[in-house]
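Taken in sequence, the protein lines are chains A and B. Start counting the first sequence at 425; every next residue gets the next number (the working numbering). Start counting the second sequence at 456; every next residue gets the next number (the working numbering). Ideal Cβ positions, reconstructed from N, Cα and C, are used throughout, including at glycine. Since the model is a prediction, treat every value here as computed from it, not as a measurement. First the structure, in the form of structure tokens, and then the observations on it.
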Amino acid sequence: METLIDIKNLRVDFALRSGTVRAVRDVSLSINKGERLGIVGESGAGKSVLGFSIINLISKPGKITDGEIIFKGHDISKYSYDQMRKIRGNRISMIFQDPMMTLNPVLTIGTQMMETVLAHMDVSKKEAEKICLEKLTKVYIPSPEKRLSQYPHEFSGGMRQRIVIAISLLTSPNLIIADEPTTALDVTIQAEIMDLLLELCKTENMGLILITHDLAVVSEVTQRIAVLYAGKVVELGLSEQIINNPQHPYTQGLIQALPQMAGGKKRLNQIPGMMPSLLDMPKGCPFEPRCTICIERCKQEIPILKELESGTQVACFMRNGANKR
Amino acid sequence: MFAFAVKRILQAIMVMLIISCIGFAIKHNFGDPVRDLVGQRVTPTERAEIRERLGLNDPFMVQYARFLGDAVQGDLGQSYFFKKPASEVILKKAPATLELVLCSAFIITFLSVPLGIYAAIKPQKWFSRFIMGSSIIGVSMPVFLTAILLIYVFAVELHWLPSYGRGKTVCIFGWWDSGLLTLDGLKHLIMPSIALSSIMLPLFIRLIRSEMMEVLESEYVKYAWAKGLKPRRVWWVHAFKNTLLPVITVGGVQLGIMVAFTILTETVFQWQGMGSMFIESVERSDTSLMVAYLVFVGLIFVLVNTAVDIIYGLVNPTIRVAGRK
Chain A
425 METLIDIKNL RVDFALRSGT VRAVRDVSLS INKGERLGIV GESGAGKSVL GFSIINLISK
485 PGKITDGEII FKGHDISKYS YDQMRKIRGN RISMIFQDPM MTLNPVLTIG TQMMETVLAH
545 MDVSKKEAEK ICLEKLTKVY IPSPEKRLSQ YPHEFSGGMR QRIVIAISLL TSPNLIIADE
605 PTTALDVTIQ AEIMDLLLEL CKTENMGLIL ITHDLAVVSE VTQRIAVLYA GKVVELGLSE
665 QIINNPQHPY TQGLIQALPQ MAGGKKRLNQ IPGMMPSLLD MPKGCPFEPR CTICIERCKQ
725 EIPILKELES GTQVACFMRN GANKR
Chain B
456 MFAFAVKRIL QAIMVMLIIS CIGFAIKHNF GDPVRDLVGQ RVTPTERAEI RERLGLNDPF
516 MVQYARFLGD AVQGDLGQSY FFKKPASEVI LKKAPATLEL VLCSAFIITF LSVPLGIYAA
576 IKPQKWFSRF IMGSSIIGVS MPVFLTAILL IYVFAVELHW LPSYGRGKTV CIFGWWDSGL
636 LTLDGLKHLI MPSIALSSIM LPLFIRLIRS EMMEVLESEY VKYAWAKGLK PRRVWWVHAF
696 KNTLLPVITV GGVQLGIMVA FTILTETVFQ WQGMGSMFIE SVERSDTSLM VAYLVFVGLI
756 FVLVNTAVDI IYGLVNPTIR VAGRK
């Protein structure tokens with residue numbers, strides 16, 4: 425399998441007045457061509473920052489302070505603004521969380537689609553329009569010719585997200601980063617959008633990074649899952665393995681917290697405690713304060729990812745056998 | 456769009472009715488027109504007769520209706536001082552004021568947009584800090600002080616520009632005395648228009664900057680970056696068009712206010728426009744002229760705001776649809 429993008433020891437820091445927030449800490453991930461990877465974690469775990477850092481579009485004052493992002497043989501994290509611009513929306517496109525906010529309210533759908541094509545491809549306006557219509561058909565927008573001259577407010581939320589997906593397809597990218605693409609939509613539409621995304625990734629052979637906190641969604645769409653906790657990958661493996669046989673106590677907690685796991689109880693299961701503040705990290709394992717199986721060593725050392733026999737990588741002393749030294 | 460325009464025009468007519476009512480009420484309760492018209496030697500019986508003939512004994516509403524009927528035909532009553540129709544006096548003075556306002560509006564538009572946007576997109580640069588700093592000074596300096604300072608520096612000390620009057624004017628369209636077509640007229644226009652714009656300009660720079668900064672933080676601008684568009688396109692097409700919406704609204708009101716606020720500038724520069732005419736008419740208790748001025752300025756105010764609302768509808772597609780329904 426050919427590697428599409430290889431993230432090595434990525435570190436993203438936010439230098440705030442109150443201290444440096446380490447939003448992403450030593451994350452290493454790689455995605456093969458056409459592979460779909462899910463990034464799961466609770467709010468504030470650094471999922472979105474990780475997604476945005478790939479195209480170097482982190483909100484200020486966030487910055488990549490260490491690590492590499494190898495894409496097509498080049499470290500794009502060191503790219504200049506203009507070099508990066510040619511990758512964004514061209515080779516790597518993004519789908520944002522809330523389609524109500526993503527599209528510019530004062531520009532027509534046509535303008536917003538065409539500009540993307542014209543920014544990256546050397547085509548005439550007529551050809552660009554043809555590409556736009558073709559992609560709109562792909563996301564099942566009825567009568568696309570009429571749609572080009574319409575404004576975002578004339579569409580429903582689900583339709584808008586389809587349009588955003590169509591925009592992300594325009595330049596036939598190698599990778600799509602979808603940052604919680606269905607969170608803002610209602611449940612019936614969610615499934616439609618996910619199915620569409622899955623279908624398109626398969627037919628166009630595109631890689632997908634799906635950032636979500638919805639384990640049910642991620643297990644259906646992606647082949648592998650990375651579980652993020654406090655800016656670190658704590659578990660990484662095949663989706664099936666992670667859902668059916670989670671290793672890290674945090675992943676186990678997440679899966680226990682799913683409604684279907686409550687099993688007739690009145691209350692849902694939950695993980696006690698809160699994620700530590702990114703300004704004030706514990707010295708050892710970041711999950712240790714909430715962990716039910718922690719040992720003394722967890723307070724002192726940060727566990728690193730180790731591969732288990734099943735192929736799953738997990739960062740936990742109790743699971744990866746490192747404590748049996 | 457048509458329904459929207461009609462609705463706005465109907466609203467404008469309502470506003471004009473209210474303005475004229477207030478204006479007429481002032482005139483009605485302000486001094487005795489008969490005493491103003493005739494001398495001391497007229498006997499009380501003759502006065503009563505004149506009163507009856509002029510319809511001054513009729514109820515308020517009847518008189519107001521008569522005033523309205525005349526006003527619609529362009530007759531705003533006689534100026535007691537000039538012994539001429541008030542509308543004629545105003546139309547004679549209006550070009551001076553309108554040219555001054557137009558020129559100031561020009562200065563404001565062409566400086567505030569680039570400066571405000573620059574300060575928004577490069578807030579850290581020293582030039583932005585300079586713009587923001589000097590705009591504070593501009594806002595806090597009263598117009599007459601700015602005007603006197605300008606006169607002192609450029610007329611008294613440097614002898615570059617004339618300090619008062621309109622200079623040479625050319626008559627166009629048969630009645631419009633324009634100072635815009637002669638070099639002398641333009642020279643005379645420079646300082647008054649700078650003085651008049653000295654408060655609004657910094658205000659607009661600050662308004663555009665803060666609106667632009669807010670828009671730059673929005674999701675759709677972030678999405679525009681993620682699409683790999685060129686910075687110019689993101690700033691001018693995606694961000695600026697949205698910045699314009701509130702600026703247009705404020706701009707319309709301010710333009711109207713500026714017509715009314717030429718009074719100070721016109722007094723300092725002895726600019727023979729409506730502002731100085733109004734001050735004189737107050738001094739001479741020329742109530743007819745005062746009311747005519749009030750109605751005329753009100754008319755300009757309403758016209759500008761209606762035009763602005765219609766332009767706003769053109770820029771903002773959401774409004775346009777609301778009007779179509």
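In the DSSP secondary-structure assignment, Glu492 (chain A) is bridged to A:Lys432. Taking every protein chain shown into account, the CB of Ser731 (chain B) has 16 or more other CB atoms within 10 angstroms, so this residue is buried. Distance check between Lys656 (chain A) and each of A:Leu622, A:Gly458, A:Gly465 and A:Arg460 places A:Gly465 closest, using alpha-carbon atoms only. Our two residues, Leu523 (chain B) and Arg496 (chain B), have alpha carbons roughly 32 Å apart in a direct line. Counting along the chain, Val759 (chain B) sits inside the alpha helix (DSSP H) bounded by residues Thr742 to Val770. For Thr636 (chain A), the uninterrupted beta strand (DSSP E) run begins and ends at Gly631 to Thr636, by DSSP.
If you draw a straight line from the Cα of Phe695 (chain B) to the Cα of Pro686 (chain B), it is about 12 Å long. Contact holds between the segment 722 to 742 of chain B and the segment 638 to 651 of chain B, because three or more Cβ pairs, one in each stretch, are under 8 Å apart. Across the structure, Leu639 (chain A) and Ile679 (chain A) are spaced so that their CA atoms are roughly 8 Å apart.
Pairwise C-beta distances place the segment 590 to 598 of chain A in contact with the segment 526 to 539 of chain A, as three or more of them are shorter than 8 Å. The contact set of Ala681 (chain B) on chain A, defined by CB atoms closer than 7 Å, consists of Ile479, Leu481, Arg512, Gly513 and Met518 in chain order. Cβ-Cβ separation between Leu758 (chain B) and Val702 (chain B): approximately 19 Å, too far for a contact (criterion under 8 Å). Look at Asn456 (chain A) here: in three-state DSSP terms it is strand.
Between Ala439 (chain A) and Gln536 (chain A), the alpha-carbon positions lie close to 34 Å from each other. For Arg721 (chain A), DSSP records no beta bridge to any residue. For the C-beta of Thr773 (chain B), the chain A residues within less than 8 Å are, from N- to C-terminus, Pro529, Tyr575 and His577. With respect to the C-alpha of Arg571 (chain A), the residue from A:Ile494, A:Phe476, A:Gly534 and A:Ser517 having the closest C-alpha is A:Gly534. For the C-beta of Ile591 (chain A), the chain B residues within less than 8 Å are, from N- to C-terminus, Lys682. Residues of the same chain with a CB within less than 8 Å of the CB of Ala654 (chain A), apart from the 5 flanking positions on each side, are Arg449, Ala469, Gly470, Met699, Pro700, Leu702, Met705, Pro710 and Phe711 in chain order. DSSP places Cys626 (chain B) inside the beta strand (DSSP E), whose first and last residues are Val625 to Ile627. The three-state reading of DSSP puts Gly640 (chain B) in helix, counting H, G and I together. Cβ proximity to chain B below 8 Å picks out nothing from the segment 633 to 657 of chain A. Counting the other Cβ atoms within 10 Å of the Cβ of Arg648 (chain A) gives 16 or more, which makes it buried. The beta carbon of Val556 (chain B) sits closer than 8 Å to the beta carbons of Leu651, Leu710, Met713, Val714 and Thr717 from its chain, once the five residues preceding and following it are set aside; these are given in chain order. Between Asn697 (chain B) and chain A, the shortest Cβ-Cβ separation is below 8 Å.
Cβ contact annotation for Gln574 (chain A) (same chain, cutoff 6 Å, sequence separation greater than five): Ile533, in chain order. The beta carbons of Ala526 (chain B) and Ser559 (chain B) sit about 29 Å from each other, so the pair does not count as a contact at 8 Å. Per DSSP, Met516 (chain B) has no beta-bridge partner at all.
In this model, Pro673 (chain A) and Ile766 (chain B) are separated by some 60 Å (Cα to Cα).
Selection B:Ala747, B:Pro772, B:Gly706 and B:Gly768 evaluated against Lys548 (chain B) yields B:Ala747 as nearest (Cα-Cα).
Using beta-carbon distances, His483 (chain B) does not count as an interface residue toward chain A, since no partner is under 8 Å. Considering only B:Asp741, B:Thr761 and B:Phe756, the residue with the shortest C-alpha distance to Lys538 (chain B) is B:Asp741.
Per the coordinates, the alpha-carbon of Leu692 (chain A) lies some 19 Å from the alpha-carbon of Val641 (chain A). Gly462 (chain A) is classed as buried because its beta carbon has at least 16 other beta carbons within 10 Å across all chains shown. Burial state of Glu569 (chain A) is exposed, judged by a 10 Å Cβ sphere holding fewer than 16 other Cβ atoms.
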